Every structure is written in C-alpha cells, then in structure tokens.
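See structure below.
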Amino acid sequence: MSAHYDLLIRNGTCVLPWGTEATDVGVRNGRIVDLGVPASASADEVIDAAGLHVLPGLIDPHVHLRDPGDKAVETIPTGTKAAVLGGLAAVFDMPNTSPSIVDAERLAWKQGYVEQEAWCDMGLYVGGTKTNIPALADLELGRGVCAIKIFAGSSTGDLMVEDDEHLEKVMRAGRRRIAYHSEDEYRLQARKPLFKSGDPYTCHMEWRDEECAFLGTRRLMALARKTGRPAHILHVSTAQELEYLKDYRDVATCEVLVNHLTQVAPECYETLKGFGVMNPPIRGRAHQEAAWKAINDGTVDTVGSDHAPHLRDKKLLPWPDCPAGLTGVQTLVPVMLNHVNAGRLSLARMVDLLCAGPARVYGVVGKGRLAAGYDADFTLVDMKHQRRIEESWIVSPCGWTPFAGMDITGWPVATIIRGRTVMRDDTVLGSPSGKLVTFAG
Ligand SMILES: [Zn+2]
C-alpha cells in the first residue's frame, strides 16, 4: 500500500534550507513528514503548486496589533487576518498596548485571547519597565513569549527604560535575547525644543537624527558586552550602526525594516507627510544603500514590518502632533517579493530573513524551515503575478497603507499553517485557529 497524507503539495518549486528544488511535500498531523513523494501516494487534500514557489511559512517578527487598544485602529483578529492575506504564517506582537503586557496576569489574558481569536500563529513580547525587573526572568519563559522588549527611547505608549543603571539591571534579570528599541532618550528630549508644531515633516528625521540611534546602540552594546546578555537591535536605521554592529556579533543580532529598504527621505515626507512618519525615521539614500549592503553581506538577521497603525485622522495632523508608526503587516511579503524580482536580494535570502533569521534570533521551535518534522507552514508565492497595492485590499480597520499605489511583481497566493489552508487567492478560509509559537527556553 502506498503512502497516504493529510495534505500533498505537488509540482511546486520548494525553497529548502540547502537550496531550491522541484519536489513534492507530504504533510501529516500538521507537520511535514516527507520531501519527495512517490507519484502513487494519495492524500485527503492535494494542492497543485505548478508555477508557484513553496516557501516555509513566513514570519513577521515585529508587529504592533494594538490589542487591547482602539478597535478602530487594529485588533488581534483583524491584524492576523491581514497577516495571512499578506502571506504570513506567524507574527510576533509587541507589548505596548493599552494597557501594556508587562505582568503575568496580562500575559495570561493575552495567551488565552490569541488562542481564541488569532488567524495565524503568534509570538508575544513582554515589556520591560523599571518596576517589573524582578519578574522578567519568569516572564521571558512564559508560553509563546518570543522576548522581553525594551524601549530605550520613547515611541508609542508608556514603556521605557532609558538609563544605564536600569538597563543593566534588566540585562542581569533572565538570560534570553532581549529586543531593543534603540534611540537615546536623553538626546531625543534635548533636541525636542529645537522644533515646533507645524514644522515640515522632514524635521522628524532631523529631530531623531542619526546620532540618536547610533548613541543608543553604542550604549546598549557596551552594557550587553559587560553583562554578556544577548541583544537584538530592532529596526536599525543608520549606516553607522550597521557598520558598528559587525564588531558585536558575540552579543548582538539585528533587524532592518522593509520601510527603510523601500522608502527614502526627503521624498517620503513630501509625498506621504504624516503617513511617512515612523520611529526610527526613514532617512536619506546613503542609509538605504547601507541597509541593502547589510542585507547582502549578512549583517542583517531579520526583516520586519514594524506594523504600527494609527487612525487616519491622527496621521493627518501636523508634525510632530501626528503619531509615529505605519501599517505594514499585510504588505511586507509583496514588497519584499518585489525587491526579489528587482534583483535586490535572492528569494533564498528573503526566506532566510523571514524564516531562518527569526527562528535563530528568538529560538523558535519547529518553524522557519521547510524540513521533515517541522510545522507544515507554507507561503505559496507566484513570482510572476503583477498587482498594484490598493488601500481597498487592506483589512486593518485604520484602512491605509504607505505603500498604496506601488506596483508589485510577485504575490503570495496561499498561506498554510500547520497543514490547514487559511488563505487562498485573497480569501481567508475557515475560522481563527492560530496558536502560540513555541520558543526554546
Ligand atoms: Zn515597533
């Protein structure tokens, strides 16, 4: 009797850890069991992936789904629906909600909520504050917790640990890799009076200048080396930091955002105004070129969207009253596929940045790799499909995207999570059945 599977993906071009191969994938009980399946094998469900690339389920390791918060902006149900429509199998969600996720009680609430309402799998960040330091060593081992997140410079919300004394205490509490928003808070505050309401939107990058980011990262690296505590520097935005971090591979990994790879100043502020304002800011072309160089020489470990939606009305306010943060979870994969088609990186490197990279940095168990025994998470992409990003496609309640009007070549056509097809051709299927991602303690 020949083999029988729950799901067979036939005729696709698979991006495997060791290269790209035309092979069939057999799935049983939500896991990959075979690569290379005889023609005689049968399955309950067969997906014909002829003409498509089969990628491991892509992961966005940096989103803010704003839940609990303002339901008119985003929620976990809507944000994870956006994720699967955009070809993501998992997202890691930040803790600066209202209220923030900073203790065991709120973490337990969120764990239960995710298991009821999420369309994709999720990792959860827990926020570090000056007052919850004694609890961090336990919190970082919580179910589904990808990392402790520290805001060393202020952004949206009230979470912040800005001084070296408390940062060192945080680093000495627990042992897993800590994720940092690295901008020097003292320099941010010192420069704020240099600007006033109604100044041009380009002032955003002048206020939060290169030195704010570089100084923040230098301070964190000194403390990380002193304490030996691994660090992940989120959304690195300057050429200086990317060069500097190469000398800190013993303690540091880093992320670059799709926005910093795609949008450039001053044009983004002229065309997008408040809808181009994010932290750290989109900067000039030299920094974008440095980011691409760092993608291609391996300096960068992960790429994220930093999906951080706000109400449209708020983004229309003059600078600096418009809040910082941009939507992006639904557009991350199409925009990155477009960069692949433009020759800026290989499809294999994109998969490395959106699967193997997050898995390595955060210690993901059983995901991020198209291999036997791993979760049957797949993103099927049509590398030839051409489409314009339209705001009507965006399902986040805030309803806008800074990539509206962008013509894309390469599009995610199916998202499969643990063997279940949750998105096919722009349609979300079934009911929310996302689970918490497992991390190695
Ligand atoms: Zn963020």
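Position 277, counted from 1, in the sequence shown is what the numbering used here calls 357; the numbers after and before it change by one each time, with no gaps.
We put the beta carbon where it would ideally sit given N, CA and C, even for glycine.
As the structure is a computational prediction, the values presented were derived from the model and not from experiment.
- With 16 or more other Cβ atoms inside 10 Å of its own Cβ, A259 counts as buried.
- DSSP, reduced to helix, strand and coil, places M202 within a strand of the structure shown.
- For G384, the uninterrupted beta strand (DSSP E) run begins and ends at 382 to 384, by DSSP.
- Residue pairing by DSSP places E101 opposite C94 in a beta bridge.
- Taking a C-beta distance under 8 Å as the contact criterion, P389 and G167 do not qualify as a contact pair.
- Residue state for W399 is assigned as coil, using DSSP reduced to three classes.
- Per the DSSP secondary-structure output, F172 pairs in a beta bridge with G203.
- Taking a cut-off of 6 Å from the heavy atoms of ligand 1, the residues with a C-beta inside it are H142, H144, M174, D386, A388.
- V344 sits close to I362, with the two beta carbons spaced by under 8 Å.
- If you look at L165, you'll find it in the alpha helix (DSSP H) that goes 156 to 165.
- Residue environment analysis places W98 among the exposed positions, since fewer than 16 neighbouring C-beta atoms fall within 10 angstroms of its C-beta.
- Using a 10 angstroms sphere on the CB of H84, the tally of other CB atoms stays under 16, which defines it as exposed.
- Here the segment 373 to 389 makes contact with the segment 131 to 147; the two share three or more CB pairs at distances below 8 Å.
- Residue pairing by DSSP places V508 opposite M503 in a beta bridge.
- The residue among A119, L115, L88, A170 with its C-alpha nearest the C-alpha of C435 is A170.
- With respect to Y205, A227 sits close: the two C-beta atoms are nearer than 8 Å.
- The C-beta separation of W189 from V502 comes to about 24 Å, leaving the pair out of contact by the 8 Å criterion.
- A direct Cα-to-Cα measurement between S476 and E154 gives close to 6 Å.
- Exclusion of the five residues before and after G448 leaves P136, I139, C435, A436, P438, A439 as the residues of its chain whose Cβ lies within less than 7 Å of its Cβ.
- By the C-beta density criterion, T211 is exposed, having fewer than 16 other C-beta atoms within 10 angstroms.
- Shortest Cα-Cα distance from E350 to any of I313, V126, G408, P398 involves P398.
- DSSP lists V444 as the beta-bridge partner residues of F519.
- In the structure shown, Y260 adopts extended strand secondary structure according to DSSP, grouped into three states.
- In the structure shown, C283 falls within a helical segment according to DSSP collapsed to helix, strand and coil.
- Here the alpha carbons of M174 and L221 stand approximately 16 Å from one another.
- Secondary-structure assignment with DSSP links P136 through a beta bridge to F458.
- Around the beta carbon of Q466, fewer than 16 other beta carbons lie within 10 angstroms, which makes this residue exposed.
- For Y85, the pairing in a beta bridge is given by DSSP as A123.
- Residue nearest to R186 within the set C94, A152, V225 is V225 (criterion: CA-CA distance).
- Beyond the five residues adjoining it in sequence on each side, D183 comes within less than 8 Å, by CB distance, of N212, A215, L219 in the same chain, given in chain order.
- DSSP places I181 outside both helix and strand once states are collapsed to three, so it counts as coil.
- Beta-bridge partners assigned by DSSP to I112: V107.
- The beta carbons of R288 and L314 sit no closer together than 8 Å.
- When only Cα atoms are considered, E321 and V126 end up about 47 Å apart.
- Runs of the beta strand (DSSP E) lying entirely within the segment 310 to 382, each at least 3 residues long, are 311 to 313, 332 to 337 in chain order.
- Taking G110 as reference, the option from N339, L450, T209 with the minimal CA-CA separation is L450.
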